[in-house]
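There are 2 protein chains.
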Amino acid sequence: MIHATNIIGNKWAPIIIYVLEERKLRFGQLVVFVEGISRKVLTEQLKELEQKKVVKRESFAEVPPRVEYSLTEWGKELLPILSQLCTWGAGISIDSDDEKNITIQKRV
Amino acid sequence: MIHATNIIGNKWAPIIIYVLEERKLRFGQLVVFVEGISRKVLTEQLKELEQKKVVKRESFAEVPPRVEYSLTEWGKELLPILSQLCTWGAGISIDSDDEKNITIQKRV
DNA sequence: AAAAATGGTAACCTCGATGTAACTAATGGG
DNA sequence: CCCATTAGTTACATCGAGGTTACCATTTTT
Chain X
0 MIHATNIIGN KWAPIIIYVL EERKLRFGQL VVFVEGISRK VLTEQLKELE QKKVVKRESF
60 AEVPPRVEYS LTEWGKELLP ILSQLCTWGA GISIDSDDEK NITIQKRV
Chain E
0 MIHATNIIGN KWAPIIIYVL EERKLRFGQL VVFVEGISRK VLTEQLKELE QKKVVKRESF
60 AEVPPRVEYS LTEWGKELLP ILSQLCTWGA GISIDSDDEK NITIQKRV
């Protein structure tokens, strides 16, 4: 678990993975799709995810340069889990009494 | 997903949830089981998880005081997901060529 | 000559998460 | 009277993730 949370336990990684899904995206597209991320942080995150074998990077020596990012097979295995996490997170927590704080008074 | 990662996306929350599993634990036991956590941070995390309805807190007005923590039903639903995440994280990433960086030279 | 497009990098700053150490309240035991 | 126990709290210090701004290299377009 420590390993898994090291990978997805930061602000942007889950979003990047979710956005990449089954397609290839260029750096510039990722900046747009991952709303709010700065270019610097996106660079860092992609580097980290690449090093951890979750993301694959393909660089084309053209002008202007082109770089495509996609998920590795291992990275794609994360998608259904993230999906579950998403469903769970959206679950309304029922406000039934037995879920609320209970303070039991007990004199001894 | 944002919601879910807000909950489990910090250093200790997943570990606390994993340790609590199906049992009730006292504050002092948690300090021991969650190795390396400080009492202050444990307090904060438990408060946060309680507020987010993942953890249930029962306080007994005894001396010395006794407080028991356990997962709510909603929190327990997280266990299988964390388990999957753990399995995934343990997966060896195959070093096959198609998972490595590819630099395609292409003159235009 | 200058701007536009692409994929970055470097220097710097901010802020929240985390850690440390000392302190509290209440009571029983020696 | 002093210590131990339990579950914290308070006042700091630190550390690293993330953000901001400016800049680079290369070629085509205006």
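Sequence order for the protein chains is X and E.
Using numbering that gives the first Met the number 0, you'd call the opening residue of the first sequence number 0 and step up by one each time.
Using numbering that gives the first Met the number 0, you'd call the opening residue of the second sequence number 0 and step up by one each time.
Where a beta carbon is used, it is the ideal one built from N, C-alpha and C, also for glycine.
Beta-bridge partners of residue i, as assigned by DSSP
| i | result |
| --- | --- |
| E67(E) | R25(E), E57(E) |
For residue i, the first and last residue of its enclosing alpha helix (DSSP H)
| i | result |
| --- | --- |
| G88(X) | 77 to 89 |
| K46(E) | 38 to 50 |
| N5(X) | 1 to 7 |
| V18(E) | 12 to 19 |
Beta-carbon separation (whole angstroms), residue i vs residue j, contact threshold 8 Å
| i | j | result |
| --- | --- | --- |
| E20(E) | L78(E) | 7 Å |
| L48(X) | L29(X) | Rounded, the Cβ-Cβ distance is 11 Å, inconsistent with contact. |
| Q44(X) | A12(X) | 6 Å |
| H2(E) | G88(X) | 4 Å |
Residue j beta carbon less than 7 Å from that of residue i
| i | j | result |
| --- | --- | --- |
| R25(E) | E67(E) | yes |
| T71(E) | K52(E) | yes |
| I6(X) | V33(X) | no |
| L84(X) | I80(E) | yes |
| G90(X) | G8(E) | no |
Nearest residue (CA-CA) to residue i, options the options
| i | options | result |
| --- | --- | --- |
| G35(X) | R22(X), K10(X), E57(X) | K10(X) |
| V18(X) | E57(X), W87(X), G74(X), A3(X) | G74(X) |
| K55(E) | S69(E), G27(E), K23(E) | S69(E) |
| R22(E) | E57(E), T86(E), P63(E) | E57(E) |
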